[in-house]
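Notes for the one structure printed next.
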Amino acid sequence: MRSAWVAEIFDSIQGEGIYAGVRQIFIRFSGCNLRRCDYCDSRLSWKRQEYCINKLQITDCKSLRPSFQRARPRPIVLIGRERLKLKNPISSKDIVAVLKEYLTFNFSAPYSGARSRPDINRGGQPSTFHYHSISLTGGEPLLQADFLKELIPDLKGLGFRIYLETNGTLPAALRGIIKNVDFVAMDIKFPSATGRRDLWEKHRRFLRAAGNRVFVKVVVTGRTTAREIEKAALLVAGVDRKIPLVIQPASGQRHKDLFEFQRIAGHSLEDVRIIPQFHKILGIN
1238 MRSAWVAEIF DSIQGEGIYA GVRQIFIRFS GCNLRRCDYC DSRLSWKRQE
1288 YCINKLQITD CKSLRPSFQR ARPRPIVLIG RERLKLKNPI SSKDIVAVLK
1338 EYLTFNFSAP YSGARSRPDI NRGGQPSTFH YHSISLTGGE PLLQADFLKE
1388 LIPDLKGLGF RIYLETNGTL PAALRGIIKN VDFVAMDIKF PSATGRRDLW
1438 EKHRRFLRAA GNRVFVKVVV TGRTTAREIE KAALLVAGVD RKIPLVIQPA
1488 SGQRHKDLFE FQRIAGHSLE DVRIIPQFHK ILGIN
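1238 is the number of the first residue of the sequence shown in our numbering; add one for each residue after it.
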C-alpha cells in the first residue's frame, strides 16, 4: 500500500475557474515542481509537513465511534474539539476513514420531506450528495501520481467525482489517472510569473492528454503581457477552440488590461471568461 504527503484536508467552496462556488472537499498534497510562481497562495504545501491537518469539522471529536478508531491504520491526534492531525505520510485508507466519518457525523439527517434517507446510499455508505466533487490540489498532486492511482478509485467508491487542480506540466503522470478524473483545472504558467520559458510544450502535451475534461486558467499579474495571453490562447486553440479559458487576476492587484486580454484571447477561443478568486474575496480557505 502506497502513502502520500498531504498538507491538509478541508471543506469549502471552489474559489476559482468555471466551477467557482460549488461545494467541495479539498485534499491538498505537499510538494511542487515549480515553486516559483509569484502569486502562489499555498506555499505551505511546497514542502513536506510532519502532519496532515484535517480541518473537516466533525460534530464532536470526543464522540468518534469505536469502529472508526479500529479502522484507522495510523495515529490520529485531537486538536481541541473539532480538528485532527494525521502523521505523514498517510495512506488512502487513512483518507477514506476520515471522509467516511465526516460524512456520517455531519450529514446523518435526511432532507425534510424526503421519502428515503439520502444521506446513506444503496451500498450502505454515507452519501456525498452535498458535494459537487472532491478536489485534489496542491502543491502539485501529480507529483504523487502513483498514490493517486490507489486513492482515486477509493474516492469514487464513496461516490465522489474527481476534480484535479494542476499546473499542467506533468502529462505522463496525468495519462496514468485521467480515465478516472472527471474535471481537470489546468494552469498555464507564464514566464513573467515563473521565470521559466520551457513550459509551453509541456502544457501542449498535457492539454492533449486531458481531453474534453479540461478547462484552462491563466493568472495575470502586473507583468503579464499581451503576447503571453495570445500565445496561451493559440496553444489551447491548437487542441480545441471550445476549451474554456479563464483569465484570473492575481488577488489584491488591479488590472486595467483585463478586457484587452479577454479580447485578444477571444480571437482564438470560443469561451474566454474573467473570473477572480472568490475564496479570497470571501476571506475563506
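In this text, a Cβ means the ideal position worked out from N, Cα and C, and glycines have one as well.
Simplified DSSP assignment, three categories, for residue i
| i | result |
| --- | --- |
| Tyr-1288 | strand |
| Pro-1486 | strand |
| Val-1333 | helix |
| Glu-1245 | strand |
| Glu-1402 | strand |
| Phe-1427 | coil |
| Gly-1254 | helix |
| Phe-1397 | coil |
| Thr-1461 | coil |
| Leu-1321 | strand |
| Ile-1480 | coil |
| Leu-1373 | strand |
| Lys-1454 | strand |
| Ser-1300 | For Ser-1300, the predicted model reports a pLDDT of 47, less than 50, meaning its position is unreliable; a value from the coordinates is still stated below. Here Ser-1300 sits in helix by DSSP. |
| Leu-1388 | helix |
| Tyr-1339 | helix |
| His-1516 | helix |
| Gly-1432 | coil |
| Leu-1271 | coil |
| Gln-1499 | helix |
| Leu-1379 | helix |
Of the listed residues the options, nearest to residue i (C-alpha basis)
| i | options | result |
| --- | --- | --- |
| Asp-1424 | Glu-1377, Asp-1391 and Leu-1392 | Glu-1377 |
| Arg-1441 | Asn-1417, Asp-1419, Arg-1260 and Lys-1468 | Lys-1468 |
| Ala-1502 | Ile-1518, Phe-1515 and Ile-1484 | Ile-1484 |
| Ile-1327 | Phe-1515, Phe-1266, Pro-1481 and Leu-1293 | Phe-1266 |
| Ala-1470 | Leu-1495, Val-1509, Arg-1285 and Gly-1254 | Val-1509 |
| Asp-1537 | Ile-1290, Glu-1245, Ser-1372 and Lys-1517 | Shown here, the chain extends from 1238 to 1522; a query on residue 1537 therefore has no answer. |
| Ala-1244 | His-1369, Lys-1292, Asn-1270 and Leu-1271 | Lys-1292 |
| Asp-1270 | Arg-1285, Pro-1481 and Gln-1251 | Reading off the sequence, residue 1270 comes out as Asn, not Asp. Of the listed residues, the one whose Cα sits closest to Asn-1270 is Arg-1285. |
| Gly-1445 | Ser-1429, Thr-1341, Arg-1460 and Ala-1474 | Before going on, a small fix: residue 1445 reads as Arg here, not Gly. It is Ala-1474. |
| Ile-1511 | Ser-1240, Phe-1247 and Ala-1257 | Ala-1257 |
| Met-1238 | Gln-1294, Lys-1479, Lys-1386 and Leu-1472 | Lys-1386 |
| Asp-1477 | Cys-1274, Lys-1493 and Phe-1443 | Phe-1443 |
| Asp-1248 | Ile-1255, Gln-1294, Trp-1242 and Lys-1479 | Gln-1294 |
| Lys-1524 | Ile-1414, Gly-1405, Lys-1322 and Arg-1460 | Past the edges of the chain, shown from 1238 to 1522, lies residue 1524, and the structure says nothing about it. |
| Gly-1375 | Arg-1398, Phe-1263, Leu-1407 and Ile-1255 | Phe-1263 |
| Asp-1494 | Thr-1461, Ile-1246 and Leu-1336 | Thr-1461 |
| Val-1456 | Lys-1479, Ala-1422 and Ala-1447 | Ala-1422 |
| Gly-1396 | Pro-1428, Ile-1250 and Gln-1261 | Gln-1261 |
| Pro-1481 | Cys-1289, Gln-1499, Asp-1331 and Glu-1465 | Gln-1499 |
| Cys-1274 | Val-1259, Pro-1428, His-1492 and His-1516 | Pro-1428 |
The beta strand (DSSP E) enclosing residue i, as first and last residue numbers
| i | result |
| --- | --- |
| Ile-1264 | 1260–1266 |
| Ile-1511 | 1509–1511 |
Burial state of residue i, where buried means 16 or more other Cβ atoms lie within 10 Å
| i | result |
| --- | --- |
| Phe-1452 | buried |
| Lys-1454 | buried |
| Asp-1383 | exposed |
| Glu-1507 | exposed |
| Phe-1496 | exposed |
| Asn-1449 | exposed |
| Asp-1435 | exposed |
| His-1367 | exposed |
| Leu-1519 | exposed |
| Lys-1426 | buried |
| Ile-1521 | exposed |
| Ala-1409 | exposed |
| His-1504 | exposed |
| Ala-1215 | Since the first residue shown for the chain is 1238 and the last is 1522, residue 1215 is missing from the structure and cannot be characterised. |
| Ala-1463 | exposed |
| Glu-1402 | buried |
| Pro-1390 | exposed |
| Glu-1438 | exposed |
| Gly-1252 | buried |
| Glu-1338 | buried |
| Gly-1254 | buried |
| Gly-1405 | buried |
| Gly-1459 | exposed |
Sheet register partners of residue i (DSSP bridge)
| i | result |
| --- | --- |
| Ile-1415 | DSSP output for Ile-1415 lists no bridge partner at all. |
| Ile-1521 | Looking at the DSSP assignment, Ile-1521 forms no beta bridge with any residue, so it has no partner. |
| Ile-1327 | Ala-1241 |
| Val-1473 | Paired residues: none, contrary to the question. |
| Ala-1422 | Glu-1402 and Phe-1452 |
Limits of the alpha helix (DSSP H) - the one that residue i falls within
| i | result |
| --- | --- |
| Lys-1493 | Here Lys-1493 belongs to no alpha helix (DSSP H), and DSSP marks it neither H nor E. |
| Leu-1444 | 1437–1447 |
heavy atom of the ligand MN below 6 Å from residue i C-beta
| i | result |
| --- | --- |
| Glu-1287 | For the structure depicted, the ligand MN is absent and the ligand set is empty, with no information on it obtainable. |
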